[in-house]
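Single-structure report; data block below.
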């Protein structure tokens, strides 16, 4: 059972990373660090993703 949960968490993390990156990060890569808008977007995206995932566990 632990193995299945670990697979689920890894898969969810990969989807979260891909989704939030594509949604929030400018693809011009002008700076090494995230700007304030990107940071806020990432925070909201990750928070929503976790809230939804908790509904399915």
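Residue numbers (the working numbering): 20 to 76. Note that CB positions come from ideal geometry on N, CA and C, so glycine has one too.
Collapsed DSSP secondary structure at residue i in the structure displayed
{"i": "residue 34", "result": "helix"}
{"i": "residue 49", "result": "coil"}
{"i": "residue 58", "result": "helix"}
{"i": "residue 20", "result": "coil"}
Buried or exposed (CB count within 10 angstroms, at least 16 for buried), residue i
{"i": "residue 74", "result": "exposed"}
Inter-residue Cα distance where the pair is residue i and residue j
{"i": "residue 37", "j": "residue 30", "result": "11 Å"}
{"i": "residue 23", "j": "residue 32", "result": "14 Å"}
{"i": "residue 42", "j": "residue 26", "result": "24 Å"}
{"i": "residue 49", "j": "residue 20", "result": "44 Å"}
Neighbourhood of residue i by C-beta, 8 Å cutoff - its chain only, sequence neighbours within 5 removed
{"i": "residue 39", "result": "60, 61, 64, 65 and 68"}
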